[in-house]
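Have a look at the structure below, then the notes.
Numbering (full-length UniProt numbering), first residue to last: 1 to 416.
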């Protein structure tokens, strides 16, 4: 029989395993950030061609990575419900080490593409890590614990590009060796400290019907109380992808920023995001409750995105950049609420669906947001407004508020 695993506070016997999972997420995010500064140079080294041609391949690699996250999020989440969190996390870390080494040694663009495909599959283990956090958390702790996982990701995204840029001075392959070493160290730690949290009572048979992203999303969205929340999360992530989609293009056009200022603003956001998720969300949850926190986060985003759509001052934009992270409190609160609505045997499946939902946004949102930016900034544009994409995102966020409020009212009418 599998040892019973009851949710305990992090101060109990799960403090070290929780630390391991948070480190895994930091390393996962760092691994992405480490290689970003050197990827153009590596692509040109293995494939030749101009920087513009390298950018085309960079887009292909990024799309392959996001597509695999979308496809395999529910697969790995469901596998962790069936096999347990420990084997899925440890095997994924082991393969991640090999994947980074493969990219470090390859001289073929096709091998690099294959490695990015594998990397996207492994990035879907985020769902398993989140399910582990759900397993060891009491219902009233889940939103705050999920916020810690987002903070860990924020730390990784801040540190990754900084370290990657410095290591890149030793050559485009150095960051890949560093990422492999970090993953290997975390794997060794996990072998010794990571317990299994899925008991025999919690295990669920693996089926492809519920493991493929479309079947899993369909099943989870039909659960009472979950469908509307998942729709809110999907639209929220789609709207907020306006930042990575056009920020590096919008700010030079609107404010005259150079690359250095764009980088500073992204770093400021990462710091603000980490502070919000690691520190501010607990008092906000305590003061407003889960329902109030979700409404506050969504409403804050409406105001902020509308402001960015109209402002013309680069100074104000730079000040708003770290402040904009405050709206992110809505996400862990949404995750916490959804986690309580599904059974113990479907936590991995739920987190896999969330991973796929976010990945789908990263695939589709850039297509729309960049087109809106292009048609409102091109020469002879009938409607010239560089901030139009942010106004579209604000409108989508209003839709999020309406869906969430309607769902909350419907839930309040259901007898308990």
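By construction, the Cβ of each residue, glycine as well, lies at the ideal position given by its N, Cα and C atoms.
Legend entry - Contact between the segment 360–368 and the segment 237–244 (3+ Cβ pairs under 8 Å): yes
Inset, instruction - Answer yes or no: do residue 297 and residue 276 have a C-beta to C-beta separation smaller than 7 Å? - result: no
Legend entry - Coil, strand or helix - residue 418 by DSSP: Nothing can be reported for residue 418, as the shown portion of the chain is limited to 1 through 416.
Legend entry - residue 313 versus residue 263 - alpha carbon distance: 18 Å
Inset, instruction - Name the two residues that bound the continuous alpha helix (DSSP H) containing residue 337. - result: 330–341
Inset, instruction - Assign residue 262 to one of three DSSP states: helix, strand, or coil. - result: helix
Inset, instruction - Output the residue ranges of the alpha helix (DSSP H) runs that lie fully inside the segment 21–59 and measure 4 residues or longer, sorted by chain position. - result: As far as the segment 21–59 is concerned, its whole alpha helix (DSSP H) runs of at least 4 residues are 39–47.
Legend entry - Cβ-Cβ distance between residue 352 and residue 74 below 7 Å: yes
Inset, instruction - Would you tell me roughly how many angstroms separate the C-alpha atoms of residue 164 and residue 156, rounded to the nearest one? - result: If you draw a straight line from the Cα of residue 164 to the Cα of residue 156, it comes to about 11 Å.
Legend entry - residue 186 beta carbon less than 7 Å from that of residue 27: Their beta carbons are under 7 Å apart, which means residue 27 touches residue 186 by this criterion.
Legend entry - Length at least 4, wholly inside the segment 260–319: the alpha helix (DSSP H) runs in chain order: Note on the segment 260–319: whole alpha helix (DSSP H) runs with a minimum of 4 residues are 281–310, in chain order.
Legend entry - Nonlocal neighbours in the same chain, by C-beta distance under 6 Å from residue 196, ignoring five residues either side: 84, 86
Inset, instruction - Could you tell me whether the segment 299–308 touches the segment 321–328, using the rule of 3 or more Cβ pairs below 8 Å? - result: yes
Inset, instruction - Indicate the three-state DSSP secondary structure (helix, strand or coil) for residue 226 in the structure shown. - result: It is coil, neither helix nor strand.
Inset, instruction - Could you pull the start and end residues of the alpha helix (DSSP H) that residue 92 belongs to? - result: 85–105
Legend entry - Helix, strand or coil at residue 126 [DSSP, three-state]: helix
Legend entry - Closer than 6 Å: residue 113 CB and nearest the ligand MG heavy atom: Ligands displayed in this structure: none; no statement on the ligand MG is therefore possible.
Legend entry - First and last residue of the uninterrupted alpha helix (DSSP H) at residue 219: 213–221
Legend entry - Nearest to residue 279 (by Cα), restricted to the options 70, 146, 106, 96: The residue with the shortest Cα to Cα distance from residue 279 is 146.
Legend entry - CB contact below 7 Å: residue 222 versus chain B: Of the protein chains in this structure there is only one, and it is not chain B.
Inset, instruction - Could you tell me whether the segment 332–343 touches the segment 133–149, where touching means 3 or more Cβ pairs closer than 8 Å? - result: yes
Inset, instruction - Could you tell me which of 101, 357, 257, 237 sits nearest to residue 183, measuring between CA atoms? - result: Looking at the Cα atoms, 101 is the closest of the given residues.
Legend entry - Nearest neighbour of residue 309, chosen from 251, 274, 366 [CA to CA]: Taking only the C-alpha atoms, the option nearest residue 309 is 251.
Legend entry - Three-state secondary structure assigned by DSSP to residue 426: This structure cannot speak to residue 426, because the chain is shown only from 1 to 416.
Legend entry - Through-space distance from residue 367 to residue 257, alpha-carbon basis: 24 Å
Legend entry - residue 397 (DSSP reduced to helix, strand or coil): helix
Legend entry - Inter-residue spacing [alpha-carbon to alpha-carbon] between residue 397 and residue 91: 38 Å
Inset, instruction - Please report how far the alpha carbon of residue 199 lies from the alpha carbon of residue 213, in whole angstroms. - result: 25 Å
Inset, instruction - With DSSP collapsed to three states, give me the class of residue 135. - result: helix
Inset, instruction - Using the Cα positions of residue 265 and residue 318, report the straight-line distance between them to the nearest angstrom. - result: 6 Å
Legend entry - Distance between residue 336 and residue 204 (C-alpha atoms, nearest Å): When rounded, the distance between both Cα atoms is 21 Å.
Inset, instruction - Have a look at 371, 216, 291 and flag the residue whose alpha-carbon is nearest the alpha-carbon of residue 388. - result: That would be 371, whose Cα lies nearest to the Cα of residue 388.
Inset, instruction - Identify the continuous alpha helix (DSSP H) that holds residue 194 and give its terminal residues. - result: Unbroken run through residue 194: none, as it is neither H nor E.
Legend entry - Other residues of its chain near residue 11: CB distance less than 6 Å, five sequence neighbours each side excluded: In this predicted model, residue 11 has a pLDDT of only 45, less than 50, meaning its place in the structure is not dependable; the value taken from the coordinates is given anyway. Counting only Cβ-Cβ distances below 6 Å, and skipping sequence neighbours, we find nothing.
Inset, instruction - Grab me the residues of residue 334's own chain with a C-beta within less than 7 Å of its C-beta, minus the 5 sequence neighbours each way, in chain order. - result: 229, 232, 233, 294
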